[in-house]
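Some notes on the structure that comes next.
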Amino acid sequence: MFVIVSCCLFFVSCSKEFENTSSTRTQKPPTLKELKTLYDNLNLNDSTKFSIGDSTFIQYNPEWSDLELQFINDSTVYSILPLSPTAVKGEKKLVVNLSNHREFILFKNNDIAYFGKYIYQENEDGVVLDAAFLSNGTLTLDNLLNGNTSFYTYSNGKGSKLQLAGEHNLLEKMSSSSSVSSNTCAEYRTVVTCDWMAICHETGQIHIRLSPVGTCLMPSEIRCGKSWANWSLRAQIPQTICIRYGDPEPPIGGGGGGDDGGGSETPPPSDEEKKRQAKLKLLNETRKTDCDAIALANKKGRDNSIINLINRIRNRENEWGTMFKFETLGSEAISLGVEWEGKKNSINYTPKWNTGDGYHVGFIHTHPSKSAPSPSDVYNPLFDLNNFVNDPEVNEDHLRSYIDNFASVVVSGDYIYTISMKDTFRASLMKGGFNQENENNLYRQFVKDYLRHTTDVSVEQYQEAGEYAILKLYGDGVHISKQKIGSPDSNEIIKLGEKKKSIKKEKPKC
């Protein structure tokens, strides 16, 4: 069992450091050396390791390079240290997916450390509604020195104390009594949150998921290769809550600034934070229609520079390709780079976004094997859009232009495929969790399923199987269209058919 959790189980007292106090002194941020010393003194490297079998354990690794400072008030500086889980089985490392939450260490100045678990808000189908950290969701902070646990809820980046059932009336009663001090517990309450795990042997992944705070709701089945994996209860986490006034100030949500030193009022967001929130809103709400996808694909198909490129490289033995890039940042004009040669069934490409290499907005390449697009054709050319949201150098217009113009084009046999945005929120979620080896395994399995009753597979059937596999994997996040080479303005949208067991092609009326 997770040792960090067990240190929270037997808490029976409250500690004064949770008081919200105003101070005139200015707290200097701790040095990296001081934080690492505190981390080592608490033995967190060993405490964040737990076994899930005789030969497999999960280790949480500190991501010191991603340490974030937050200046809460004159006397309080938070340092947030992300934790990255890795599963080890003998000499083999397995992928661990924190399906609906993120775990981290929060240091308060250089005195106190908390183990934080932030759970993203989801809809009824278990789909995360906002992938931004500390934006919309719930947070628990376990004090690693005395076991106190604090609960918070976040709405649009603003954190506040999470009201447990019956707590509100109790606090009102406490506030009317002059005999109760701010660091006195009026009541201790134990809540239980369930921690679930699913091991997918077929894909080599381990999934970990938390129920909503204070509940033991079992998650829905999770896709595991060609079948589904069931969740098993990893731990029931009882946490004893001291019902009183004082808790640590919640970490700043959505990357905003601290308060004015009073410890109680949240200042208006800075201009930079307003811009970040506008980009986040754009990312979370943009949906592209079938007509949008067809218009972009047809525009690419009419471009003479693209037509000439296709004619030059379509019949070559190895894969050839080049990037699409904005001619100047802020313009809608897009040009091609210089093409290069890959191997028979692969080509390496990493998108760039800087003045030296240019501002890439997609990729075009050939498939000599005449296959449909593969998982890497969907996501290798795509930037992680959350990075754009958090990059102050990328403004809202840049992000919108990228979303509107992104295209991954695959020239295969006599056809051209164009992959474009459909649901930017879902696309960014899938990009963030993309593991090429596992995705390729799923892709091959879906292709095999589609062709299981087919003998003497034709090129068209082979492409259809790949189209089916791509849509099964990513159809919620991206559009895929297809047209015959030499037939401009003839793109059709490819969709999953009845019961998602076949495919169909449609030319929408736009």
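Residue numbering for the sequence shown follows the numbering used here, starting at 890 and increasing by one per position. Even glycine gets a Cβ: it sits at the ideal position worked out from N, Cα and C.
Let me check understanding here. Comparing Cα to Cα, which of the options lies closest to residue i?
i	options	result
lysine 1361	Lys1373, Lys1393 and Lys1188	Lys1393
phenylalanine 1004	Trp953, Asp1031 and Gly1210	Asp1031
threonine 1307	Ser1263, Val1250, Ala1186 and Lys1398	Ala1186
tyrosine 1304	Glu1356, His1287, His1342 and Lys1320	Glu1356
leucine 931	Ser968, Pro919, Val966 and Asp1000	Asp1000
threonine 920	Ser968, Asn950, Thr945 and Pro951	Ser968
proline 1140	Val1346, Leu987, Phe1252 and Phe996	Phe996
glycine 1142	Asn1197, Thr945, Phe1022 and Asn962	Phe1022
serine 1391	Thr1344, Asp1338, Lys1371 and Ile1095	Asp1338
Along the chain, where does the beta strand (DSSP E) containing residue i start, and where does it finish?
i	result
lysine 982	981-987
glutamine 1350	No beta strand (DSSP E) contains glutamine 1350, which is instead part of the alpha helix (DSSP H) from 1348-1363.
tyrosine 1238	Neither: tyrosine 1238 is in no beta strand (DSSP E) and is coded neither H nor E.
histidine 1292	The residue you asked about is not histidine; residue 1292 is isoleucine in the sequence shown. Taken as a continuous stretch (DSSP letters only), isoleucine 1292 belongs to no beta strand (DSSP E), being part of the alpha helix (DSSP H) at 1285-1294.
leucine 1172	Looking at the DSSP string, leucine 1172 is not in any beta strand (DSSP E); the run it does join, the alpha helix (DSSP H), is 1160-1174.
valine 977	965-978
histidine 1096	1094-1099
arginine 991	990-997
serine 1044	1038-1044
tryptophan 1209	1209-1215
Along the chain, where does the alpha helix (DSSP H) containing residue i start, and where does it finish?
i	result
glutamine 948	Segment 945-951 is the beta strand (DSSP E) holding glutamine 948; no alpha helix (DSSP H) there.
aspartate 847	Shown here, the chain extends from 890 to 1399; a query on residue 847 therefore has no answer.
glycine 1048	Looking at the DSSP string, glycine 1048 is not in any alpha helix (DSSP H); the run it does join, the beta strand (DSSP E), is 1047-1050.
alanine 1184	1179-1191
leucine 1331	1325-1339
glutamate 923	921-930
leucine 1274	1274-1279
proline 1264	1264-1268
If you draw a straight line from the C-alpha of residue i to the C-alpha of residue j, how long is it?
i	j	result
leucine 924	isoleucine 1374	60 Å
lysine 1384	serine 1121	34 Å
glutamate 957	glutamine 1166	18 Å
arginine 1123	serine 1100	11 Å
leucine 933	leucine 1033	10 Å
glutamine 842	valine 1017	With the chain running from 890 to 1399 in the structure shown, residue 842 is simply not present.
glutamate 992	histidine 1287	31 Å
glutamate 1349	proline 974	42 Å
lysine 1232	serine 1263	15 Å
asparagine 998	serine 1317	34 Å
serine 1224	phenylalanine 1213	6 Å
glutamate 1395	glutamate 1381	5 Å
asparagine 1237	serine 964	50 Å
lysine 1389	glycine 1364	11 Å
glycine 1055	phenylalanine 1040	With a pLDDT of only 35 at glycine 1055, under the threshold of 50, the placement of this residue in the model should not be trusted; the figure read from the coordinates follows. Their backbone Cα atoms lie some 15 Å apart in a straight line.
leucine 970	alanine 1002	10 Å
asparagine 1275	threonine 1239	17 Å
tyrosine 1009	asparagine 989	6 Å
threonine 1211	serine 1347	29 Å
phenylalanine 1353	lysine 981	Before going further, note that residue 1353 is glutamate rather than phenylalanine in the sequence given. Each residue's Cα considered, the two are about 35 Å apart.
leucine 1340	glycine 1302	20 Å
proline 1397	glutamate 1206	35 Å
cysteine 1399	lysine 1177	13 Å
histidine 1249	aspartate 929	42 Å
lysine 1259	proline 1158	52 Å
aspartate 1312	isoleucine 1183	15 Å
serine 1265	lysine 1164	31 Å
serine 1379	isoleucine 1369	14 Å
Roughly how far, in whole angstroms, is the beta-carbon of residue i from the beta-carbon of residue j, given that I think they are within contact range, below 8 Å?
i	j	result
phenylalanine 1277	lysine 1168	7 Å
serine 1309	valine 1367	7 Å
asparagine 1025	tyrosine 1007	Going by Cβ atoms, the distance from asparagine 1025 to tyrosine 1007 rounds to 10 Å, so no, they are not a contact pair.
leucine 972	proline 951	6 Å
alanine 1118	cysteine 1089	5 Å
proline 918	arginine 1191	Their Cβ separation, rounded to whole angstroms, is 55 Å, which puts proline 918 and arginine 1191 out of contact at 8 Å.
glutamate 1387	serine 1290	With a Cβ gap of about 37 Å, glutamate 1387 and serine 1290 do not count as contacting.
Less than 8 Å separating the Cβ of residue i from some heavy atom of the ligand SAH?
i	result
alanine 1222	Of the ligands one can find in the structure shown there are none, so the ligand SAH has no counterpart to examine.
**OP:** Please confirm if the segment 1261-1271 is in contact with the segment 1279-1299, defined as three or more CB-CB distances below 8 Å between the two stretches.
**Re:** Contact between the segment 1261-1271 and the segment 1279-1299 is present, because at least three Cβ pairs lie under 8 Å.
Original post:
Does the segment 1212-1226 come within contact of the segment 1170-1183, defined as at least 3 CB pairs closer than 8 Å?
Top reply: Result no; under three Cβ-Cβ pairs closer than 8 Å.
Original post:
Counting pairs of Cβ atoms below 8 Å between the segment 1190-1208 and the segment 1218-1238, do you hit three or more?
Top reply: These segments touch.
Subject >> contact_flag[the segment 1281-1293, the segment 1322-1335] where n(CB pairs < 8 Å) is 3 or more >> reply: No contact exists between the segment 1281-1293 and the segment 1322-1335.
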